[in-house]
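J.: This is the structure I have questions about; it appears just below.
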Amino acid sequence: MKFSVFQVSRKGGRDKNEDRMGYCYTRESGLFVLADGMGGHPEGEVASQLALQIVSALYQKEARPIVKDAPAFLSGALMAAHHQIIRYASEKGMLDTPRTTLVAALVQGASAFWVHCGDSRLYLVRDGELLTRTRDHSYSEHQGTNPGSPVALNRNILFTCLGSPSKPMFDVTGPVTLQQGDKIMLCSDGLWGTLDDSEIVRQLSQQPVSEAVPELVERALRSGGVRSDNVTVIALEWETPDSFESTRGISTDSIHDGVFASTIQAGLLDLAVDDLDDAAIERSIAEINEAIRRSVARKA
Amino acid sequence: MSKVKPAPLPPDTVIGGYRVVRKVSAGGFGLVYLAVDNEGQQVAVKEYLPSSLATRGPGELLPQVQPEKLSLYRLGLKSFFEEGRALAQISHPSVVSVLNFFRENETVYMVMNFLEGATLQDFIIAARELKKQKVFRESTIRSLFDEILRGLRIVHQHKMLHLDIKPANVFITDDNKAVMIDFGAAREVLSKEGNFIRPMYTPGFAAPEMYRRDSSMGPWTDIYAIGACIYACMQGYPPNDAPQRLDKDRLGLALSRLRGVYSDNLIEVVEWCMSLDPLSRPQSVFALQKELSRENERRYTKLSVGEKVRLQFDSLVTDTKKNLRNVTVFGARTK
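In order, the protein sequences belong to chains G and F.
Under my numbering, the letters of the first sequence match residues 866 to 1165, in that order.
Under my numbering, the letters of the second sequence match residues 8 to 342, in that order.
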């Protein structure tokens, strides 16, 4: 499996960058994730970071070296991330929960699958044309489909996301068979909010991702002005032609089975996914019984 | 979400070597059974089976957990373990003791001493029905809370907080011992993350800091609840909850009604424990014990006529529900 990938995230005019992005891969599979922590709720950057960590941790667990059921994995990972955010909020006794969008693409063999929730998008570009892109879970993108909805509206108003008390709505797409040179781009609304689709497609088509991505981000920041939103983009080019020499090209063919590479850092929190497995349960019970024995001994 | 409560294990089911006699109670976390061990000793067995996350059909042993609820189910299991860990470390007559912990039927069980008696809440309700001036005698209150505080001191020494002290969680056994139960909210607070808050509290007994984010809880948080419990033993009803008090604090007023009935010292102790500012409360159980054990001269300050009128007037203007009744009482007296 071969691809080139480039990612960049810029704060723009905001106080902090609540967008998160990253990718990880095994010998035969690659995962690309982007999350945009939501303003108006606390700790958006925690929500997006948690989402990335959970999805990548689950991917590491499942991709051996490929994920067997990609659509099930993507929806399961999204829900796990959602629950982890709720759990984080409840453990901290927060009155309002942190929230985030999520878009994640899984590429293995020549097939691509993706899941998205909210208004972070995925674009798939082939031969200079937009093959498809995700439809946002926002009132403005669904206006056409639901005439009863209020005419509106601010592009930022989403009707679903991760971390909200109501269950997230999301869409899983795939498999889509990839062809050599296809480009998949994931971006936050900071990009598409100021650049139209035709410009995005043109830039992506004309240059390698290592040049198109920084160029797009730069343009978005410029047109966003001093109050520009966070802008985050991660894009990959599928099966890069051999003639194309990119310093960022990744060939997974040479890596061994069982190797897992990731740009997504763990940390922030003590976050083992589903850390209470059978062994942990047995350990807890043994510890408690040991403590009981000690207390009884002390008393005697 | 299923509204059907999980069915209890039928009598005579044997779990972990204990034979179930009957279900004793059910809560959000699961079920409690009276059971006997193989020597015929009675024990209480608490079964982890949160009704919002798991179901169990009548006559069945294994609970069913829906896949999407599994992570929450396991999270709850963690708190169940924390309760077990908390109790296992403590061996004190005023703290319910845990005897065993085991796994069976795809869930976990905690075996505890079986207590016979009733909760302090039951006693308060029974006592207030008598409509006496005093709900409990002052000496009863002092000795009861002396016992509870001895246990609480040990809990705090283990760097844990109870965080849900209330009359329903204080058990009075038939041989007249006070025992603190339900450590489901107990947390090892002085470990890594000090700002940990459970979004679980009982209004009236929860200190204001339990409602806030990122505020530090400590022994003073349990002490607030102790003050509220003493209050409930004097008034027969729980105090206003902390948010209400922050809005308009009527605690002083409510306590002044008890002047002359209970000693000034006891009333002051309650006010001290229930200070809205955590720093103004007794900072340790020891400090409170010292004050509560001061048995020397008890002073009783009766209300003056002026104060009585003011109290009555206050009820008239503020408590619309009681208005009518108060008007008639007031009218009768002026005749």
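A virtual CB, placed ideally from N, CA and C, is assigned to each residue, including glycine.
Which of the three DSSP states is assigned to V72(F) in this structure?
T.: strand
J.: Indicate whether at least one CB of chain F lies closer than 8 Å to the CB of S1031(G).
T.: no
J.: Which partner residues of D884(G) appear in the DSSP bridge assignment?
T.: D901(G)
J.: Assuming L939(G) and L971(G) form a contact by the criterion Cβ under 8 Å, report the distance between their Cβ atoms to the nearest whole angstrom.
T.: 6 Å
J.: Rank L1056(G), L943(G), W1103(G), F1125(G) by C-alpha distance to the C-alpha of E1080(G) and give the top, closest one.
T.: L1056(G)
J.: Are the beta-carbon atoms of P285(F) and A214(F) separated by less than 8 Å?
T.: yes
J.: Using a C-beta to C-beta distance shorter than 7 Å, which residues of chain F count as neighbours of M944(G)?
T.: E75
J.: When DSSP labels each residue in this structure, what does D1036(G) get in the three-state scheme?
T.: strand
J.: Give a yes or no on whether the minimum CB-CB distance between K926(G) and chain F is below 8 Å.
T.: no
J.: If you count every other CB in all the chains shown that lies within 10 Å of the CB of P1030(G), and 16 or more means buried, which is it?
T.: exposed
J.: Evaluate contact between the region 89–101 of chain F and the region 1144–1159 of chain G, counting only Cβ atoms and requiring at least three cross-stretch pairs below 8 Å.
T.: yes
J.: Note down the Cα distance separating E927(G) from S894(G), rounded to an integer number of angstroms.
T.: Spanning the alpha carbons of E927(G) and S894(G) requires a straight line of approximately 11 Å.
J.: Just mark D1142(G) as buried or exposed, buried being the case when its beta carbon has 16 or more other beta carbons within 10 Å.
T.: By the neighbour-count rule (16 or more Cβ atoms within 10 Å), D1142(G) is not buried but exposed.
J.: Check the DSSP bridge columns for Y244(F) and list the partner residues they point to.
T.: In DSSP, Y244(F) forms no bridge with anything.
J.: Give me the DSSP bridge partner(s) of R1052(G).
T.: What sits at residue 1052(G) in the sequence shown is Cys, not Arg. R986(G), V1098(G), per the DSSP bridge assignment.
J.: Does any CB atom of chain G fall closer than 8 Å to the CB of F109(F)?
T.: Chain G, which has a Cβ nearer than 8 Å to the Cβ of F109(F), makes this yes.
J.: Looking at C1026(G): is its Cβ nearer than 8 Å to the Cβ of R964(G)?
T.: yes
J.: For the alpha helix (DSSP H) that I179(F) lies in, which residues bound it at each end?
T.: Taken as a continuous stretch (DSSP letters only), I179(F) belongs to no alpha helix (DSSP H), being part of the beta strand (DSSP E) at 177–180.
J.: With a cut-off of 8 Å on the beta carbons, I'd call N107(F) and V118(F) a contact; round off their distance for me.
T.: 4 Å
J.: For F88(F) and chain G, any beta-carbon pair shorter than 8 Å?
T.: yes
J.: Under 7 Å Cβ-Cβ, which residues of chain F neighbour K1164(G)?
T.: Chain F residues near K1164(G): S98.
J.: Taking a contact to mean a Cβ-Cβ separation below 8 Å, would you say Q128(F) touches A51(F) in this structure?
T.: no
J.: Can you confirm whether G259(F), when its beta carbon is compared against all beta carbons of chain G, has any partner nearer than 8 Å?
T.: no
J.: So for V28(F), helix, strand or coil by DSSP?
T.: In the three-state DSSP reduction, V28(F) falls in the strand class (E or B).
J.: Can the beta-carbon of L942(G) be found less than 8 Å from the beta-carbon of I919(G)?
T.: Note that residue 942(G) is Ala in the sequence shown, not Leu. A contact, by the Cβ cut-off of 8 Å.
J.: At 7 Å on the CB atoms, spell out the chain G contacts of A95(F), in chain order.
T.: Within 7 Å Cβ-Cβ: I1153, A1156, I1157, S1160.
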